[in-house]
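Undergrad: For the sequence shown, numbering that gives the first Met the number 0 gives the first residue as 0, with consecutive numbering after it.
Here it is: the structure, laid out below.
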Amino acid sequence: MRNDVEANLKKKVLITGCDMITPAGLNRTSPWDALVKGTSCVRSITRFPCDTLETKIAAQVDTGSFSQLASQYCRKRILKQMTLVTRMGLVAAIQAVNDSGIDFTQCDKGRVAVILGVVSAGYNSLEAETGNDRIVKAMANAPSAWISLEYGIEGPCFPISTACASSAYAMAYAYGMIASGSADIVITGGTDSTLCPEEIRGF
Numbered sequence: 000m001r002n003d004v005e006a007n008l009k010k011k012v013l014i015t016g017c018d019m020i021t022p023a024g025l026n027r028t029s030p031w032d033a034l035v036k037g038t039s040c041v042r043s044i045t046r047f048p049c050d051t052l053e054t055k056i057a058a059q060v061d062t063g064s065f066s067q068l069a070s071q072y073c074r075k076r077i078l079k080q081m082t083l084v085t086r087m088g089l090v091a092a093i094q095a096v097n098d099s100g101i102d103f104t105q106c107d108k109g110r111v112a113v114i115l116g117v118v119s120a121g122y123n124s125l126e127a128e129t130g131n132d133r134i135v136k137a138m139a140n141a142p143s144a145w146i147s148l149e150y151g152i153e154g155p156c157f158p159i160s161t162a163c164a165s166s167a168y169a170m171a172y173a174y175g176m177i178a179s180g181s182a183d184i185v186i187t188g189g190t191d192s193t194l195c196p197e198e199i200r201g202f
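Okay, here's the thing in structure tokens:
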């Protein structure tokens, strides 16, 4: 049995697609371009009033441009049931899957997993102003669950939460699942946003 496990762990694990939603851009190439050029994404906070906060600058995703992008992939009614954190995770996953060329109709969906690094789903005072659905929005499992629903995935679906290391642990776990033979495909990565009045006051 041990020899079988060791043999499986020698399997190659390939990254077939990737994407990013960041303050530097809404695709995987923009952040690298910004790094190479030394472009700073830190600006005055515009998402909410910060007159009473000690910190008034941050690197924030362009929510207007992101909303337009998200509307290309999801119906408005569905998007209303998600926080910004969940929407970013879902859209990045969709674009990564498109980048990979994977056709889930040709896969055993029971051997496909979604493992994300998520500290929280980002439910805060800003999200509370946008309507109800607090339970659905606040679950840490929301980002991975919505991705699973998008593709009808039937394998393991859960978040890993280890503060700033969450996504690294999620990707390491995903690697182990494929290398050990317990999954054929894993959608992995992470999603987070701490740009809200509560987080700024807390930190």
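We put the CB at the ideal spot given by N, CA and C, even for glycine.
Any idea which residues DSSP pairs Leu115 with across the strands?
TA: Leu115 pairs with Pro158, Gly188.
Undergrad: Tell me which residues share the same chain as Tyr168 and place their Cβ nearer than 7 Å to its Cβ, disregarding the 5 neighbours each side in the sequence.
TA: Counting only Cβ-Cβ distances below 7 Å, and skipping sequence neighbours, we find Gly116, Ile159, Thr161.
Undergrad: Could you check where the alpha helix (DSSP H) with Val135 kicks off and where it finishes?
TA: Taken as a continuous stretch (DSSP letters only), the alpha helix (DSSP H) holding Val135 covers 133-137.
Undergrad: Kindly indicate which three-state DSSP category Arg42 falls into: helix, strand or coil?
TA: Looking at Arg42 - three-state DSSP - the assignment turns out to be strand.
Undergrad: Just to check my reading of the structure: Ile20 and Cys106 have Cβ atoms closer than 8 Å, yes? What is that Cβ distance to the nearest angstrom?
TA: Not really, about 25 Å apart at Cβ, beyond 8 Å.
Undergrad: Apart from the five residues just before and just after Cys17, which ones in its own chain have a Cβ nearer than 6 Å to its Cβ?
TA: Closer than 6 Å at Cβ, skipping near neighbours: Arg27, Ala95.
Undergrad: What three-state label does DSSP hand Gly24 in the structure shown?
TA: Gly24: strand per DSSP, three-state reduction.
Undergrad: Does Ala57 come out as helix, strand or coil in the three-state DSSP assignment?
TA: Note: Ala57 maps to strand in three-state DSSP.
Undergrad: For the structure I just gave you, are there three or more beta carbon pairs, one from the stretch 177-196 and one from the stretch 71-84, closer than 8 Å?
TA: Yes, since at least three Cβ pairs between the stretch 177-196 and the stretch 71-84 fall closer than 8 Å, the two stretches touch.
Undergrad: What number of angstroms, rounded off, separates the C-alpha of Ser166 from the C-alpha of Asp50?
TA: Distance between the alpha carbons of Ser166 and Asp50: 32 Å.
Undergrad: Within the same chain, show all residues whose beta-carbon is closer than 6 Å to that of Val41, passing over the 5 residues directly before and after it, in chain order.
TA: Closer than 6 Å at the Cβ level, and outside the excluded window around Val41, lie Ile56, Ala58.
Undergrad: Contact defined as beta carbons within less than 8 Å: I believe Ser93 pairs with Glu149. What is the distance between those atoms, to the nearest angstrom?
TA: Checking the sequence shown, residue 93 turns out to be Ile, not Ser. Yes, Ile93 and Glu149 are in contact; Cβ-Cβ is about 7 Å, under 8 Å.
Undergrad: Tell me whether the beta-carbon of Ile186 lies closer than 7 Å to the beta-carbon of Ile146.
TA: Their beta carbons are under 7 Å apart, which means Ile186 touches Ile146 by this criterion.
Undergrad: Kindly indicate which residue of Phe157, Ile152, Lys136, Glu153 has the alpha-carbon position closest to the one of Ser143.
TA: Among Phe157, Ile152, Lys136, Glu153, the Cα nearest to that of Ser143 belongs to Phe157.
Undergrad: Would Glu53 and Asn123 be called neighbours here (beta carbons separated by less than 7 Å)?
TA: No; because the gap between Cβ atoms is not below 7 Å, this pair is not in contact.
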